[in-house]
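Engineer:
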Amino acid sequence: MHKYIGKSMQRKEDYRLLTGTGMFVGDISLTNMSEAVFVRSPHAHAKIVDINIEAAKAIEGVYGIFTAKDIEDIKPLTQFESHCFLPPNLVEAISPTINFNYEDILAKKKVTYVGQSVAIVVAKNRYIAEDAADLVEVTYEPLQPLVDPYEARKEDAPLIQEHLENNIQSHFHVTTGNVEQAFSEADYIINEKIRTPRLGSNPLETRGVVAKFDTRNQELRVWSSSQMPYEIRSTLAHCLSLPDLSIRVTAPDVGGGFGPKGGVYPEEILIPYLAKKIRRPIKWIEDRMEHLTSARQSRDQIHEVKVSFKQDGTITAIEDFFVIDSGAVNFFALTCAYNSAYHLRGAYKIPNYDSKCEVILTNKTPNVPFRGAGRPEVVFVMDRIIDIVARKLKVDPIEIMKKNMIQAEDMPYDQGILVKDGHQLIYDSGDYPDALRKAVDLVDYEAFRKEQEEKKKEGKLVGIGISSYVEGTGAGPYEGAHISIDPSGHVTAYLGCTPQGQGHETVFSQIAADGLGVNPQNITVRVGETTVLPMGQGTYASRSAVNAGSAIYEAALKMREKVLKIAAHLLKTDEELVIDEGKIYAETSPEKFVTYKDVGRAALPAKLGNLPEGMEASLEVTHYFAPPTVTFAASIHMAQVEVDKETGFVNLQNYSVVHDCGTVINPMIVDGQVQGGIAQGIGSALYEEIVYDQTGQLLTGTYMDYLLPTSMEVPTVEKAHQEFKSTRNRLGIKGVGEGGAIAPPAAIANAIVDALHPLEIKTNDLPISPNKLRTWIKEAEASFQALQTN
Amino acid sequence: MKPSKFKYLKPSSVEEALTYLEEYGDDCKIISGGQSLIPVLNMRLSTPEFLIDVSGIKELNYIREEDGYIAIGALTRHVEVENSQLIKEKCPLLIDAIKWVGHKQIRNRGTIGGSIAHGDPSAELPCVLTTLRGEIVIASVDEEEVVGPEDFFLTYLLTALQTNQLVKEVRFPIMTQGERVGHSFVEVARRHGDFGLAIAAAVIGLDNQGLIQKAQLAVGGVNPVPLVVEEAEELLIGKKVSEALLKEVAELTSDCVDPEGDLHGSADYRRELIGTLLKRAIEEATARAWEGEEKVG
Amino acid sequence: MILSGQAKMKKNNKDVWDALHNPQILEKAIPGCKSLILKEDGTYDVEMKLGIASVKGDYKGNVKLEDIEAPIHYQLIAEGSGKPGFVKAKMDCYITAVDEEKCEVKWECDAEVGGMIAGVGSRVMSGVAKFIAGNFFKDVEKQINLQKA
Amino acid sequence: MDKVKISLIVNGEKVERDIEPRLLLTDFLREELFLTGTHVGCEHGVCGACTILLNGEAVRGCLMLAVQADGATIETVESLVGEDGQLNPLQQAFTDCHSLQCGFCTPGFLMTLTQFTKENPNPSEEEIREAISGNLCRCTGYANIVKAVKQVTHQTL
């Protein structure tokens, strides 16, 4: 039915990016522009005793050096209102506490993490600014750093946010069924501690801000490498006490984000403030070492789970207590925390579930959502549980998955608790057992098992591991689209979402093209700029295709109606009209048509145009789409590994995925999102970890120590698709952005266990480095031998 | 991440470079390819007053065969070694190893002298030089001396090079001619192109019965300096490779290294790992020697 | 970062002990030491220029000795900072006589390293620190010889 | 300030400038010549976003001082497109195969591969992967980049 939706169209974005003519924030150059450098704390927790800027100020080319006392009129950055809002029924259900916490734009009395900004130097260029920053002398008096969340949550621990009573910034409790009863009736109970470490999203483009004050319009112009320009606008307006619309924020080409470029950073407040104050454009481009210390980080959860199950493999209850190490501030309230709690059971029917969570402050860089936002952590927990149960019962993990999986006929399936938006957690569509069957076929599971036995005889240890997830995608509250058709018949679509490589200009022109009956080439999509639409949210949480996609489709349909009316008027016909490639005609007489250009001219005001009686001039339509609740994408991942038992090295040989994201708009882009997400998931399974020492010093301060996967570590993923349409928007779209990153840790961790079987190891702690795995292997060998001798 | 200010000097001869070194000594740094130095300059961990750019000294760019060894001028780039037919024929272990140095873009710029002078015990070239018992020619205004790796490498990133000296040439002995010689270079790194967690290199010569008559073994990344595993070399001579013998070698090797732990591997892990790697290197070198896959020379 | 090491010295306990408390000797033996000033409260103010490979920096700090049990044990508490970062270290030194002529110094150090060097140098830091400590004791021995000569 | 005069050829044009010797080559290209296609990703030689061709060979622009490029011939991503604005075969393969998402790392990959495809007209997958292992991409997961190289070197997909 659709002509362009569902087609792998080449991207409109590519030409400029391939020819070096894109416009990233670092590429912006303005007359009289200066550059800024931050002086950052080398301490995790310390009092600021004195800051001496005299020597630094004396350097030629320095325009200004500012510390907290110079910017007292800026309000601090607090937790983001939009993410703190919880609907009353959810509040009643989970009794949450979210304590107020904040970060000063420049540290005032004390610093609370390594990399926190203490002062800023503005100079003629970055080289001079760094010369001056070197000479800023800050005297600190170290305070006791809190690095371990378990230590930080103790009653007598020193306070990180001093106005609070303790370091437990927020907590909640969600429950359904009766875990106690299930435990008392269980055949088996296991207790596991499962950890996902702290990660960085590491987009290849670091953060960056350019700002200038336009004296003519009295407008603050801000360019930022951001996922949420509207959030920057409203937060800037709040912190600087300015009207929202006196600020114009642009996210130009953004070189990747993955979550941590969402929200608002102190730099995004301070650079615009100073540009206005010193009346000179300022550019600040984060360098990679700053990025590794100061760009916000993610994951960092420890789960303590108790699981009961029956002899036949039925999992009857899960009780979870988990902590999130939030670093020095929690800006996103329960976003990751509740995502974790409501996603843990995934594709499984586990009627009794109880989850308690604490978000704990420590002296580390603040923790925020990153691709998957709380889901990779719990999918790792859930699918490690499936594997552990299977090993305990000595059956293939697939049997345990099948035994507990929600069946197609159960849809829509109610998990018995609420989504964060207050809607009942009801999966809209999908067939998980079918996905599992497809995945089994894709890898030829039976053949692999045979091959595995053969290889074992040759001393080669190969294994296969599975993970699955169900992800609530397309979170609201809304996203908008505006369509404008000019008198030449060209369509321009404006959207409030902000891409960082997802191909919005391409996919939204595909959707608009089908809605309007024009060729995507005749559509220009404008995004990433607060003036294109009065309100918008941003791109995160696998939400843009669902929300902005629906908004543009609805707007296009509204526009189509108006276009058809004008065309009927021009063609002087009452017949039903069709639109194809911009031509509008009655099916009975296709030779007699008008074009969008004709309609565009007809829509001109007054006598310039030619409109049906009473119709308003111009072709302008706006639609805001607010989803009823999230839509549920799902996937099965299978990893095949070879383990070198003597060294602990893991070679990921194959990776396969069966994926459902509802209606696919552009298969090429969907596959690209899945492959790219999996690469990040592979990173978190085997390589990536942000490490702090016991004094809160960051040890992974360069790319020599924070290990991003390269082309040698990421295989080409085999993919198969399902297309169970969402029932929650007209196009049936579910989100796809995060999915790939969610399941690899469990799939790979389980594959490693499988390869080493019958040695019993537990891969419950990521990343699985060669050193760690070798240690587990040695421990398992020792206990295996002990068992043999006993 | 921008370098702090320095004065830039660009000598066009060794003599001129040495004069600068003599004059500015402690306050200067030599830059050639810059692949190790520029990151540190960018981080401002190194803030020299003078930067002496030796990359224009054409006379130090050569690969030639001399009296029993391949002489490589200090300013010869890795890529030139990688592509050298002479080295492929006369010193194949070096070819195997150099592929592990960083990535192509690094090898296109980085120089042999730079790698050696950097003195990184995890680096490939120092390990090969140590295995083959090569030599380093260092020069100052007054004198030129030839030193062995055991005297040149002092500890992590520290060498015997004085502030008025520079590395002029690196000499890799021509590998033993003959039918039954094999070599192997084994490295494991977290990712391709990273610093090796551990490196092992072996050259094994066999007699007609398959008994080992020559063994050169060295390890890197597990000791403050690259290390010849002499005890293991001695142990192998006159014996036939067997599972038990290799196990003994592995244990012996683990005992004689002194690794430090870091984020990517504890000291204990590296100690065990190096035994495994050297065992594998000997196995491979022996197999190659026996099968005569490579007839050196 | 926990470090430990030992140094065998061809000097008797007392000579070594005295040398380790002699500012003139320390000034010469501490690597890169530019100045060492003993203050009234028994702490030393130290300025040093320390370089490992291309990483060179100026550091300022102070050193004090505690838990002194002459001539067998003391604890050295040092703090220093410079552009590349800062170090806080507690080092226990045990001097054991081997015989009349020789002794052995064993040291155990708990060091906190912060700033840029912590984030960049983890791969080589402990190795370099051990090397520097080893050199320090060698130089102390050298200085004792020179003084006696 | 002691400035140094350098003279070099960038994308076929002769360029002369007086520069501070500490100026990195990437900053020279971006800020003096406004060739902003060469991106700065890590400035410590790991990510490869700044890869350019120096006398025909791929090198990291962040690990070179501009002054070291005196007398050299440099090509940046801006040199790849044809005079008529047509993408070259490598660029075309990238868009055909969806080998880029955010596009920030892309210029570095293109320059690395410009040298590689010239020297290796018929590479294996393993060789392709090894060739791009010094360039980090956080979006694509590399598979489609490998695919594009296969396309451009006329291999069966």
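Chains as they are written, first to last, in my numbering: chain A, 82 to 871; chain B, 979 to 1275; chain C, -16 to 132; chain D, 7 to 163.
Just so it is clear, CB atoms sit at the ideal spot from N, CA and C, and this is done for glycine as well.
What does A/Asn221 pair with, by DSSP beta-bridge criteria?
Structural biologist: The sequence shown places Tyr at residue 221 of chain A, rather than the Asn named in the question. For A/Tyr221, which the question treats as bridged, DSSP gives the partners A/Ile129.
Engineer: Kindly indicate which three-state DSSP category A/Ala204 falls into: helix, strand or coil?
Structural biologist: Reduced to three states, the DSSP call for A/Ala204 is strand.
Engineer: Interface residues of chain A around C/Lys66 at Cβ under 8 Å?
Structural biologist: What C/Lys66 touches in chain A: Asp215.
Engineer: Report the neighbours of A/Val772 on chain B: residues whose CB is nearer than 7 Å to its CB, in chain order.
Structural biologist: Going along chain B in sequence order, the residues near A/Val772 (Cβ under 7 Å) are Leu1241.
Engineer: Excluding five sequence neighbours on each side, which residues of the same chain lie with their C-beta closer than 8 Å to the C-beta of B/Glu1027?
Structural biologist: Here the set comprises Phe984, Lys985, Tyr1002, Asp1005, Cys1006.
Engineer: A/Met749 touches chain D at which residues, Cβ-Cβ below 9 Å?
Structural biologist: Residues of chain D passing the Cβ test: Cys103, His104, Asn150.
Engineer: Answer with yes or no whether the minimum CB distance from A/Glu348 to chain D is below 9 Å.
Structural biologist: No, because no Cβ of chain D sits closer than 9 Å to the Cβ of A/Glu348.
Engineer: Going by the DSSP bridge assignment, what does B/Pro1151 pair with across the sheet?
Structural biologist: DSSP, once it has assigned bridges, lists B/Tyr1047 as partnering B/Pro1151.
Engineer: Whole angstroms is fine: what's the gap from B/Gly1275's alpha carbon to C/Phe114's?
Structural biologist: With a pLDDT of 34 at B/Gly1275, under the threshold of 50, the modelled position of that residue is not reliable, and no figure is offered here.
Engineer: Tell me whether B/Pro981 sits in a helix, a strand or coil according to DSSP, three-state version.
Structural biologist: Of the three classes helix, strand and coil, the one that applies to B/Pro981 here is coil, per DSSP.
Engineer: Could you give the DSSP three-state label for A/Ser549: helix, strand or coil?
Structural biologist: In the structure shown, A/Ser549 sits in a strand (DSSP, three-state: E or B).
Engineer: Does DSSP put B/Glu1259 in a helix, a strand or coil?
Structural biologist: The question names Glu, but residue 1259 of chain B is Ala in the sequence shown. Helix, per DSSP.
Engineer: For a cutoff of 9 Å on Cβ pairs, would you count C/Ser18 as touching chain A?
Structural biologist: Output row for C/Ser18: interface = no.
Engineer: Just the C-alpha distance for A/Ala622 and A/Phe294, rounded to the nearest angstrom, thanks.
Structural biologist: Each residue's Cα considered, the two are about 32 Å apart.
Engineer: Please name the residue or residues paired with D/Arg23 in a DSSP beta bridge.
Structural biologist: Answer by DSSP bridge pairing, in chain order: D/Ile12.
Engineer: Ignore the nearest five residues each way along the sequence and tell me which others in D/Thr112's own chain have a CB closer than 6 Å to its CB.
Structural biologist: Counting only Cβ-Cβ distances below 6 Å, and skipping sequence neighbours, we find Leu106.
Engineer: Is the separation between the beta-carbon of A/Ser115 and that of A/Tyr144 shorter than 9 Å?
Structural biologist: Their beta carbons are under 9 Å apart, which means A/Ser115 touches A/Tyr144 by this criterion.
Engineer: So, with DSSP's three-state summary, where would you put A/Pro123?
Structural biologist: The answer is coil: DSSP assigns A/Pro123 none of H, G, I, E or B.
Engineer: Use the C-beta contact count for A/Tyr274: other C-beta atoms within 10 angstroms, 16 or more gives buried, fewer gives exposed.
Structural biologist: In the sequence on display, residue 274 of chain A carries Lys and not Tyr. A/Lys274 comes out exposed.
Engineer: Runs of 4 residues minimum, wholly inside the region 779 to 851 of chain A: which ones carry the alpha helix (DSSP H) assignment?
Structural biologist: Complete alpha helix (DSSP H) runs here, min 4: 820 to 823, 825 to 837.
Engineer: Check whether the Cβ atoms of A/Thr620 and A/Gln581 sit closer than 9 Å, and answer yes or no.
Structural biologist: For A/Thr620 and A/Gln581, yes; Cβs fall inside 9 Å.
Engineer: Does A/Val745 have its Cβ less than 9 Å from a Cβ in chain D?
Structural biologist: By this cut-off, A/Val745 is not an interface position.
Engineer: Kindly list, in the order they appear in chain A, the residues whose Cβ is closer than 9 Å to that of C/Glu49.
Structural biologist: Within 9 Å Cβ-Cβ: nothing; C/Glu49 doesn't reach chain A, min ~19 Å.
Engineer: The alpha helix (DSSP H) spanning B/Asp1120 covers which residue range?
Structural biologist: Taken as a continuous stretch (DSSP letters only), B/Asp1120 belongs to no alpha helix (DSSP H), as it is neither H nor E.
Engineer: Using alpha carbons as the reference points, say which of C/Val107, C/Lys66, C/Lys39, C/Glu124 lies closest to A/Met785.
Structural biologist: The shortest Cα separation from A/Met785 among C/Val107, C/Lys66, C/Lys39, C/Glu124 belongs to C/Val107.
Engineer: Whose C-beta lies closer than 6 Å to the C-beta of A/Lys138 among residues of the same chain, with five residues either side of it excluded?
Structural biologist: Result list for A/Lys138: Ile146, in chain order.
Engineer: Is the Cβ-Cβ distance between A/Ile350 and A/Leu111 less than 9 Å?
Structural biologist: Cβ atoms of A/Ile350 and A/Leu111: not closer than 9 Å.
Engineer: Taking A/Ala174 and A/Leu499 to be in contact with their CB atoms under 8 Å, please state how far apart those CB atoms are, rounded to whole angstroms.
Structural biologist: Contact flag correct, Cβ pair sits at about 5 Å.
Engineer: Which residues of chain D have a Cβ atom closer than 8 Å to the Cβ of A/Gly337, listed in chain order?
Structural biologist: Within 8 Å Cβ-Cβ: Gln107, Cys108, Phe110, Arg144, Cys145.
Engineer: Following the continuous alpha helix (DSSP H) through C/Met99, name the residue where it begins and the one where it ends.
Structural biologist: C/Met99 -> alpha helix (DSSP H) spans 99 to 103.
Engineer: Please list the partners that A/Asp368 has in chain B, where partner means a Cβ-to-Cβ separation under 9 Å.
Structural biologist: Here the neighbours are Met979, Lys980, Asn1020.
Engineer: So, A/Ile270 versus A/Ser436, is the Cβ gap smaller than 9 Å?
Structural biologist: No, these two residues do not count as a Cβ contact at 9 Å.
Engineer: Any beta carbon from chain D within less than 9 Å of A/Pro284's own beta carbon?
Structural biologist: Closer than 9 Å to some Cβ of chain D, the Cβ of A/Pro284 qualifies, so yes.
Engineer: Given C/Gly117, which residues of its chain have a CB within under 8 Å of its CB, disregarding the five upstream and five downstream residues?
Structural biologist: Gly(-12), Ala(-10), listed in sequence order.
Engineer: Per DSSP, what kind of secondary structure is B/Leu1132 in: helix, strand or coil?
Structural biologist: Strand at B/Leu1132.
Engineer: Express the C-alpha separation of A/His704 and A/Arg641 in angstroms, rounding to a whole number.
Structural biologist: C-alpha separation (whole angstroms): 13 Å.
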